[in-house]
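Trainee:
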Amino acid sequence: MPELPEVEITRRGIEPYLAGKIITGVRVRERRLRWPIPPNLSARVTGRRILGVTRRGKYILIDCSSSDRAGWLILHLGMSGSLRIMAAGTAAQPHEHFDLLLGNRLLRLRDPRRFGAVLWHTGDIARHPLLAGLGAEPLEDGFSGGLLHRALRARTAPVKLVLMNASIVVGVGNIYANESLFRAGIDPRAPAGRLSRTRCNRLVAAIKSTLKQALAAGGSSLRDFVHSDGSSGYFQQQYYVYGRAGLPCRVCATPIRQLRQGQRSTFYCPSCQK
DNA sequence: AAAAGGCCCTGGTCGC
DNA sequence: TGCGACCAGGGCCTTT
């Protein structure tokens, strides 16, 4: 489950190999991802020069705009996706569904569970239906306690579920939602709209610090997360609560509890989180 | 509008 | 050792 830090690490890893390069073709081995890879993708992208690689939420955006028309390749890693740079002609392994050919190199998508996506968009990328409704970028200054407080107002759902709603803030998946709530000392079951401004400030700070720490560690929420160059830079992070049901809280030694919220596992310390 | 549940998919783990 | 059941999860979509 690549979360935002992993996606950003991936973006940084591939960008130097993509920016300025000409796309020489694509290779599709399995079209059935979250949505089918567009059948006409090759004709759309071949010959275009890549201007840069950006990110919005967990979507990786490859800018293929030409002077006369904007064009973007949209990639999403889903839960099990990873991208790697390889030499042209490298034999494909199972689950390696898509290649973006770049002359003597290629960008290869591996995604065993096929929850990822490869899409093409012409025109203003911000208007794309998948991106237009996205909420704040958690690491940007615009994501503040005040903004979160306003967004949570009138929400009766548990704060953890609302936190994972991408129309409010992007990139906070299950692991970092759990960890951030622990760091902020907030009970994941608390009704979102009841959080005080002070607690929202604390929660925003916790989200930012949790994500930044993961980013600094090289991005690492998944066992099989692979860096874009293939090195296994995976560095298992020390989680406070995620996956630690029954184990003693690292702060107060109270056993960590687990429950289900919206079909997802929640972990929290009943003593530290109120 | 918000909330709740379904669905897509495969690999890993567990009990028998 | 083999096999089925179950879980993990991002996020869009449909239903309430």
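For the first sequence, my numbering assigns the number 1381 to the initial residue and increments by one for each residue that follows. Using N, Cα and C, we set each Cβ at its ideal position, and we do this for glycine too.
(1) According to the neighbour-count rule (16 or more other Cβ atoms, all chains shown, within 10 Å of its Cβ), is Lys1540 buried or exposed?
(2) For Lys1592, is the classification buried or exposed, using 16 other Cβ atoms within 10 angstroms of its Cβ as the cut-off for buried?
(3) My understanding is that Gln1641 touches Pro1571, with C-beta atoms under 8 Å, so please give their C-beta distance in whole angstroms.
(4) Give the straight-line distance between the Cα atoms of Ser1547 and Ala1516, rounded to the nearest whole angstrom.
(5) What residue range does the beta strand (DSSP E) around His1477 cover?
(6) Figure out for me which residue from Ser1645, Val1631, Gln1618, Cys1632 has the closest Cα to the Cα of Ala1625.
(7) For Ile1505, name the three-state secondary structure that DSSP assigns.
(8) Identify which residue in Val1584, Glu1410, Trp1500, Ile1394 has its Cα closest to the Cα of Asn1420.
(9) Any contact between the stretch 1576 to 1583 and the stretch 1521 to 1536? By contact I mean 3 or more CB pairs, one from each, below 8 Å.
(10) Residues in its own chain within less than 6 Å of Leu1627 by CB, not counting five upstream and five downstream?
(11) Just to confirm, is the Cβ distance from Lys1654 to Gly1573 under 8 Å?
(12) Would you tell me roughly how many angstroms separate the C-alpha atoms of Ala1512 and Thr1634, rounded to the nearest one?
(13) Measuring CA to CA, which of Pro1492, Ala1557, Thr1502, Cys1444 is closest to Pro1518?
(14) I'd like to know whether the C-beta atoms of Gly1458 and Val1550 end up nearer to each other than 8 Å.
(15) Are Gly1451 and Thr1502 closer than 8 Å when you measure CB to CB?
(16) Going by C-alpha distance, which of Val1552, Thr1578, Arg1579, His1477 is nearest Thr1590?
(17) Can you grab the Cα-Cα spacing for the pair Val1542 / Leu1486, in whole Å?
(18) Which residues mark the beginning and the end of the beta strand (DSSP E) in which Arg1391 is found?
(19) Spatial neighbours of Arg1429 within its chain, please: CB distance less than 8 Å, with the 5 preceding and 5 following residues excluded, ordered by chain position.
(20) Helix, strand or coil: which one does DSSP assign to Ile1402?
(21) Around the C-beta of Leu1639, are 16 or more other C-beta atoms found within 10 angstroms, so that it is buried, or is it exposed?
Mentor: In short, the structure shows the following:
(1) Counting the other Cβ atoms within 10 Å of the Cβ of Lys1540 gives 16 or more, which makes it buried.
(2) So Lys1592 counts as exposed.
(3) Between Gln1641 and Pro1571 the beta-carbon gap is near 12 Å, outside 8 Å, which marks them as no contact.
(4) Rounded to whole angstroms, Ser1547 to Ala1516 spans 8 Å at the Cα level.
(5) Looking at the DSSP string, the run of the beta strand (DSSP E) that includes His1477 is 1476 to 1482.
(6) Sorting Ser1645, Val1631, Gln1618, Cys1632 by C-alpha distance to the C-alpha of Ala1625 places Ser1645 at the top.
(7) Of the three classes helix, strand and coil, the one that applies to Ile1505 here is helix, per DSSP.
(8) Out of Val1584, Glu1410, Trp1500, Ile1394, the CA that lies nearest to the CA of Asn1420 is found in Trp1500.
(9) Result yes; three or more Cβ-Cβ pairs closer than 8 Å.
(10) Cβ-Cβ distances below 6 Å link Leu1627 to Ile1636 in the same chain, with the five nearest sequence neighbours on each side left out; the list follows chain order.
(11) No.
(12) When only Cα atoms are considered, Ala1512 and Thr1634 end up about 43 Å apart.
(13) Among Pro1492, Ala1557, Thr1502, Cys1444, the Cα nearest to that of Pro1518 belongs to Ala1557.
(14) In this structure, Val1550 does not lie closer than 8 Å to Gly1458 by Cβ.
(15) Yes, the Cβ-Cβ distance between Gly1451 and Thr1502 is below 8 Å.
(16) With distances taken between Cα atoms, Thr1590 lies closest to Val1552.
(17) Between the alpha carbons of Val1542 and Leu1486 lies a distance of about 38 Å.
(18) First-last for Arg1391: 1384 to 1398, but that is the alpha helix (DSSP H), not the beta strand (DSSP E).
(19) The beta carbon of Arg1429 sits closer than 8 Å to those of Gly1400, Lys1401, Ile1402, Ile1403, Cys1444, Ser1446, all from its chain and outside the five residues before and after it, given in chain order.
(20) Three-state result, Ile1402: strand.
(21) By the 16-neighbour rule on beta-carbons within 10 angstroms, Leu1639 is exposed.
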